[in-house]
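Shown next, in structure tokens, is the structure this report addresses.
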Amino acid sequence: MTETRDPEPRTDCELKLFEALAREHSELLYTYIASCVGRTSLADDVYQDTLVTAWRRIRDFDQTRPFGAWLRGIARLQIRAHRRERAAQLSLSDELLDALSTRFAAVERQAGDDLQAKLAFLRQCVGALAERDREALEIRYQEGLRGSPLAERLSTSIENGKKIVQRARARLHPTQAPLGGGLT
Amino acid sequence: MTEHEPADAPSSGSNEVEADRRFVDSLLHQHFHADPAANQERLSRALRELAVDPRARPADRTPADPGSSWWSTAGRWTLAASTLLTLGLIPFLLSDSATAAIARSIRAMSQAIDFHYELQIESRLGPTLRGEVWIRGTERAAVRLGPGPDGPWLGEGRNAGWIVPLLPVAPVVVVERGKVLENLPANQPTPLPFLHFTVLLEQLEANAFDVEFGADEQTIEARPTADSPPDAPTGVSLRITAEGVVRELVVRWEQDVLRPKQVTLRWLDQTPVPESFYEHEAHHDGRRVIDRR
Chain A
137 MTETRDPEPR TDCELKLFEA LAREHSELLY TYIASCVGRT SLADDVYQDT
187 LVTAWRRIRD FDQTRPFGAW LRGIARLQIR AHRRERAAQL SLSDELLDAL
237 STRFAAVERQ AGDDLQAKLA FLRQCVGALA ERDREALEIR YQEGLRGSPL
287 AERLSTSIEN GKKIVQRARA RLHPTQAPLG GGLT
Chain B
2 MTEHEPADAP SSGSNEVEAD RRFVDSLLHQ HFHADPAANQ ERLSRALREL
52 AVDPRARPAD RTPADPGSSW WSTAGRWTLA ASTLLTLGLI PFLLSDSATA
102 AIARSIRAMS QAIDFHYELQ IESRLGPTLR GEVWIRGTER AAVRLGPGPD
152 GPWLGEGRNA GWIVPLLPVA PVVVVERGKV LENLPANQPT PLPFLHFTVL
202 LEQLEANAFD VEFGADEQTI EARPTADSPP DAPTGVSLRI TAEGVVRELV
252 VRWEQDVLRP KQVTLRWLDQ TPVPESFYEH EAHHDGRRVI DRR
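Chain order of the listed sequences is A and B.
Numbering-wise, the first sequence is residues 137 to 320 according to our numbering.
Numbering-wise, the second sequence is residues 2 to 294 according to our numbering.
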């Protein structure tokens, strides 16, 4: 990102507070970036660039806006910059980035000190799934299996294994019944 | 690390559908495979980067335009919170959730929210004095002493501190900001209107109090030590919300006959009041003599 101006040197007081805010929003920021670019080294780069840019521009931050939303805005600019360089790998439209940002803003509004606490609604919903669906999600996300290994664990075909995971995920879709009023 | 799942992706769909898929996928990753160590390492790496940024050096002067900086508007309590964060003297502040709570509460208190408290001052000699306190952010406060709406009132407005005596013929006293509430009985060690728990903690620390946090991290008990000032309270109890708002503050003087026995503030609500409420004109008929000191 091009630096347009460099205001006053930051104070130690500012740095400490920035660190506290960054710590609070770190996981959600990374999760947002990962939803955009995948859990790759690029996500790490975007995350780092986002925090460094945010720190440099902290005096531009409008305190009437949520800090997390401001960070995601910076992350979005970083992703766009990477998109120009890696058009073939990153097929992300601005509309998709906006739609993801809106969804993460809803997570941010959930009660809780950190992301794990904010995801209490998700734990409830996963707990309420049928055992088969829950098992599929655990195998897929907790153990990181997919394709043939996932199908073997579910004792089904590869195609069916994929569909079971898709179906379980669809049952957790924010606009569908299982999440209820958890996210709006 | 895993890529997004092209194999799981729908063959077609709108941005909204794709956003939902990525969103749920990302949350599920986080839910089933949270990796606090990786998160900490990622954060530490970024913070190390900040530390070598030449702009991260402590400034040897104040910002040229304090009004333009949200940090500057945070004022005294930002500094107080930062001091606590920097010193790390209180074990409570070593936890991430507590640090986050401070950051959140700083933001909450920076907004124009009117916190309304019940005030109770238990005297050793006479009846208990009751009143109400309104606090907006760090810069505005109004206190009504006594049971009736006529006051007396005292407060800190935009440009000055003020006292509106109960007696209608008495002049309204206007003084420089910060002077009026210094004399309120509850004001030691609780510098109203800065009724923010980070500030209270700093005050307690500055007065060499032993501070003990309850297991729920929302109750705090403080007692003076041998190094505390001789007129310090003999005990301070504090209850705060998860957002750092002071829910209840009790300050006790068990021995000092010159002080009230106990001062209690209890959070009532946060019903908005107009900006003018923090100016003296709102609490008299406007025809009273103004005594500027």
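Glycine included, each C-beta is placed from N, C-alpha and C at the ideal position.
Residues of chain B with a CB under 9 Å from the CB of A/Val324: which are they? Residue 324 of chain A lies beyond the stretch modelled for chain A, which goes from 137 to 320, so this question has no answer here.
What is the DSSP secondary structure of B/Trp135, counted as helix, strand or coil? Numbered from its first residue, the second sequence carries residue 135 of chain B at position 134. B/Trp135: strand per DSSP, three-state reduction.
Please decide whether B/Leu86 counts as near chain A, where near means a Cβ-Cβ distance under 7 Å. Indexing the second sequence from 1 puts residue 86 of chain B at position 85. In this predicted model, B/Leu86 has a pLDDT of only 44, less than 50, meaning its place in the structure is not dependable; the value taken from the coordinates is given anyway. Yes, B/Leu86 lies at the interface with chain A (some Cβ there is under 7 Å from its Cβ).
Give me the residue from B/Val173, B/Gln271, B/Phe24 with the minimum Cα distance to B/Trp135. Start at 1 with the first residue of the second sequence, and residue 135 of chain B comes out as number 134. Of B/Val173, B/Gln271, B/Phe24, the residue nearest in Cα terms is B/Gln271.
Check whether B/Glu123 and B/Pro261 have beta carbons under 7 Å apart: Taking the first residue of the second sequence as 1, we reach residue 123 of chain B at position 122. Taking the first residue of the second sequence as 1, we reach residue 261 of chain B at position 260. Closer than 7 Å, so yes.
Tell me whether the beta-carbon of B/Thr242 lies closer than 7 Å to the beta-carbon of B/Val251. As a first step, residue 242 of chain B is located in the second sequence; it is residue number 241 there, counting from the start. As a first step, residue 251 of chain B is located in the second sequence; it is residue number 250 there, counting from the start. Not closer than 7 Å, so no.
Three-way DSSP call (helix, strand, coil) for B/Asp36 in this model: For the purposes of this step, residue 36 of chain B is taken as the residue at position 35 of the second sequence. If DSSP states are grouped into helix, strand and coil, B/Asp36 belongs with coil.
For A/Ala156, the three-state DSSP class (helix, strand or coil): Against the first sequence, residue 156 of chain A aligns to sequence position 20. Of the three classes helix, strand and coil, the one that applies to A/Ala156 here is helix, per DSSP.
Do the region 181-194 of chain A and the region 241-261 of chain A meet, that is, are 3 or more Cβ pairs less than 8 Å apart? no
May I ask which residues mark the beginning and end of the beta strand (DSSP E) holding B/Ser238? Position 237 of the second sequence holds residue 238 of chain B. B/Ser238 -> beta strand (DSSP E) spans 236-241.
Look up B/Pro214 in the DSSP assignment and give the residues it is bridged to. Within the second sequence, the letter at position 213 stands for residue 214 of chain B. What sits at residue 214 of chain B in the sequence shown is Phe, not Pro. DSSP, once it has assigned bridges, lists B/Ile221 as partnering B/Phe214.
Straight-line gap, A/Arg303 to B/Val25 (C-alpha atoms, nearest Å): Start at 1 with the first residue of the first sequence, and residue 303 of chain A comes out as number 167. Start at 1 with the first residue of the second sequence, and residue 25 of chain B comes out as number 24. Rounded to the nearest angstrom, the two C-alpha atoms are 12 Å apart.
Nearest-angstrom Cα separation, counted from B/Trp254 out to B/Asp211: As a position in the second sequence, residue 211 of chain B is number 210, starting the count at 1. As a position in the second sequence, residue 254 of chain B is number 253, starting the count at 1. So the two alpha carbons sit approximately 16 Å from each other.
Is there a Cβ from chain B that is less than 7 Å from the Cβ of A/Thr292? Position 156 of the first sequence, counted from the start, is the residue given in the question as residue 292 of chain A. Not closer than 7 Å to any Cβ of chain B, the Cβ of A/Thr292 fails to qualify, so no.
Suppose the cutoff is 7 Å on Cβ atoms and the five residues either side in sequence are ignored; what does the same chain contact list for A/Asp233 look like? Within the first sequence, numbered from 1, the residue matching residue 233 of chain A stands at position 97. Here residue 233 of chain A turns out to be Leu, not Asp, going by the sequence shown. These residues qualify, in order along the chain: Cys172, Arg212, Ile215.
Could one say the Cβ of A/Ser227 lies closer than 7 Å to chain B's Cβ atoms, at least one of them? Locating residue 227 of chain A in the first sequence gives position 91, where the first residue counts as 1. No, A/Ser227 does not count as interfacial toward chain B.
Excluding five sequence neighbours on each side, which residues of the same chain lie with their C-beta closer than 7 Å to the C-beta of B/Ala60? If you number the second sequence from 1, residue 60 of chain B lands on position 59. The pLDDT assigned to B/Ala60 is 39, lower than 50, so where the model puts this residue is not dependable; a value taken from the coordinates is nonetheless given after this. Once the five neighbours on either side are set aside, B/Ala60 has no close Cβ partner at all.
If I measure Cβ to Cβ from A/Tyr183 and keep anything under 6 Å in the same chain, skipping five residues before and after, which residues do I get? Start at 1 with the first residue of the first sequence, and residue 183 of chain A comes out as number 47. Result list for A/Tyr183: Tyr166, Ile169, in chain order.
Between B/Leu44 and the rest of its own chain, which residues show a CB-CB distance below 8 Å, the 5 nearest in sequence each way excluded? Counting from one through the second sequence, the residue named residue 44 of chain B turns up at place 43. Nothing meets the Cβ criterion.
Here's the rule I'm using: 16 or more other beta-carbon atoms within 10 Å means buried, otherwise exposed. How should B/Asn40 be labelled? To locate residue 40 of chain B, count along the second sequence from 1; it is residue 39. Result: buried.
Which two residues bound the contiguous alpha helix (DSSP H) that contains A/Val188? Here residue 188 of chain A refers to the residue found at position 52 when the first sequence is read from its first residue. Run containing A/Val188: 177-192, per the alpha helix (DSSP H) assignment.
Selection from B/Arg293, B/His30, B/Phe33, B/Asp115 that minimises the alpha carbon distance to B/Val247: Residue numbering aside, residue 247 of chain B sits at position 246 when the second sequence is read from its first letter. Among B/Arg293, B/His30, B/Phe33, B/Asp115, the Cα nearest to that of B/Val247 belongs to B/Asp115.
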